[in-house]
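Step one of this worksheet: look at the structure below.
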Amino acid sequence: MTVTTTDPSDRANFSDFSLTGRVAVVTGGSRGIGAGIVDLLAERGAAVGFAFHQQEAPARALELSIRERGGRALAAQCDITDDAAVHEFFTRIAAELGTVDILVNSAGIARDVHVAFLDTARWDAVLTVNLRAAYTCVRAVVRGMLLRRWGRILNISSPSARMPLPGQTAYAASKAGLEGFTRALSRDLAPKGILVNAVSPGLIETDMLKSVTPEARSSLVSAVPLGRTGTAREVASMVAFLASDAASYITGQVIGVDGGLL
111 MTVTTTDPSD
121 RANFSDFSLT
131 GRVAVVTGGS
141 RGIGAGIVDL
151 LAERGAAVGF
161 AFHQQEAPAR
171 ALELSIRERG
181 GRALAAQCDI
191 TDDAAVHEFF
201 TRIAAELGTV
211 DILVNSAGIA
221 RDVHVAFLDT
231 ARWDAVLTVN
241 LRAAYTCVRA
251 VVRGMLLRRW
261 GRILNISSPS
271 ARMPLPGQTA
281 YAASKAGLEG
291 FTRALSRDLA
301 PKGILVNAVS
311 PGLIETDMLK
321 SVTPEARSSL
331 VSAVPLGRTG
341 TAREVASMVA
351 FLASDAASYI
361 TGQVIGVDGG
371 LL
C-alpha cells in the first residue's frame, strides 16, 4: 500500500501566525470574549466583520479602535436567529470586506433555571442562539470555503458541555450539541482543506463574572487549578492560532482554555 502525504510546509510557514489577507467574521463580537477575538484577529492582520444584536455602542467603539490602528473592521447589527438577517449580514461582509475565510461562532446566551421551571420558550431561545445559529452561519460561508479549498470555522463552547452546573439543562445541551456539530462538521470538510475546531473557555473575566458576589467568585476560582480567572485575550490567542496556517494539522478538536478546570 502506498501512503501519500501532503507536506503543509510547502504552503505554510509554521512560525507565521499572521492572518494578513484573510477575512474573518465573529458573531457576538461587541463584548467580552467575542470582542477580544475581534480585536486580536484584526491585530494579526485580518479584516474583521462582526455582528452585534443590541450592544451598538461598544461595537462601534471597537470598530473605530481597530480602524484608528490601521486595521479593517465592520460592525453590523444582526439577529442571528433570523435566517434572512444572517444572509443580509454575510452579503454585506462579502461586499465590503471580501469572501469570508474564517468564521468564529461566539454568540451565546444562558437562561439558567431548574428543569422544573424550564419552559419551551427558554429552551428554544438557548438552543436557537447557541446551536442553530452556528449552523446557519456555517451555511452562509461554507460554499465559498469549499470553492477555495481553505477555511477555518471556530465554535466557542463551554466546560458546561461536559460539567454543567445546576440549572444549566438547556445551556449544557446547546454546548454539547455544538461540540458534536464541530466534530461532525470537521469530518465533512477536512478533505477540502477546511478545519473546524471548538474552543472551550473556562472562568473568564467578563461583565457576567463581575456581577457575581465576592463569595461566589472565590468559590468559582477555587475550582480552577491555576487559581485565577482567565482573560478574553487568552481565549482570543487560541482562536487566532487555530485560524492561522500554523494550525494546519488540527481539526475536530475541542480545546479548553480553562486553567486546567477540565
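Numbering-wise (this note's numbering), the sequence shown opens with residue 111 and increments by one. Cβ atoms here follow ideal geometry from the backbone N, Cα and C, with glycine treated the same way.
- Using a 10 angstroms sphere on the CB of Gln164, the tally of other CB atoms stays under 16, which defines it as exposed.
- Cβ-Cβ distances below 6 Å link Thr130 to Gly155 in the same chain, with the five nearest sequence neighbours on each side left out; the list follows chain order.
- Counting other Cβ atoms within 10 Å of its Cβ, Phe227 stays below 16 and is therefore classed as exposed.
- For Leu330, the uninterrupted alpha helix (DSSP H) run begins and ends at 324-332, by DSSP.
- For a cut-off of 8 Å, the C-beta gap from Val349 to Val309 is around 6 Å, short enough to register as a contact.
- Under the three-state reduction of DSSP, Leu371 is assigned to coil, being neither helix nor strand.
- Under the DSSP definition of a beta bridge, Ile365 partners with Val309.
- The three-state secondary structure of Arg293, taken from DSSP, is helix.
- In this structure, Ile190 places its C-beta atom within 8 Å of the C-beta atom of Ala243.
- Three or more Cβ pairs drawn from the stretch 190-210 and the stretch 248-265 lie within less than 8 Å of each other, which places the two stretches in contact.
- Membership of Val225 in any beta strand (DSSP E) is not indicated, and neither H nor E is assigned to it by DSSP.
- Contact annotation: Ile266 and Ile143 have beta-carbon atoms nearer than 8 Å.
- Per the C-alpha coordinates, the member of Val322, Ala357, Tyr359, Val248 positioned closest to Phe200 is Val248.
- In terms of CA proximity to Pro311, Pro269 leads the group Pro269, Phe127, Ala134, Leu336.
- One alpha carbon belongs to Leu241, the other to Asp126, and they sit about 32 Å apart.
- Here Gly370 has Val334, Pro335, Leu336 as same chain residues with Cβ atoms under 8 Å from its own Cβ, once five neighbours each way along the sequence are excluded.
- By a beta-carbon distance limit of 8 Å, Ala186 does not contact Gly218. Their separation comes to about 18 Å.
- Contact between Thr341 and Ile314 is confirmed by a C-beta separation of about 7 Å, below the 8 Å threshold.
- Around the C-beta of Gly180, fewer than 16 other C-beta atoms lie within 10 Å, and the residue is accordingly described as exposed.
- Just so you know, the alpha carbons of Ala280 and Ala286 end up roughly 10 Å apart.
- A buried status is given to Glu173, since no fewer than 16 other beta-carbon atoms sit within 10 Å of its beta-carbon.
- With a threshold of 16 other beta carbon atoms within 10 Å, Leu275 falls short and is exposed.
- Between Ser284 and Leu237, the C-beta gap is smaller than 8 Å, which places the two residues in contact.
- Val133 and Ser216 have their C-alpha atoms some 16 Å from each other.
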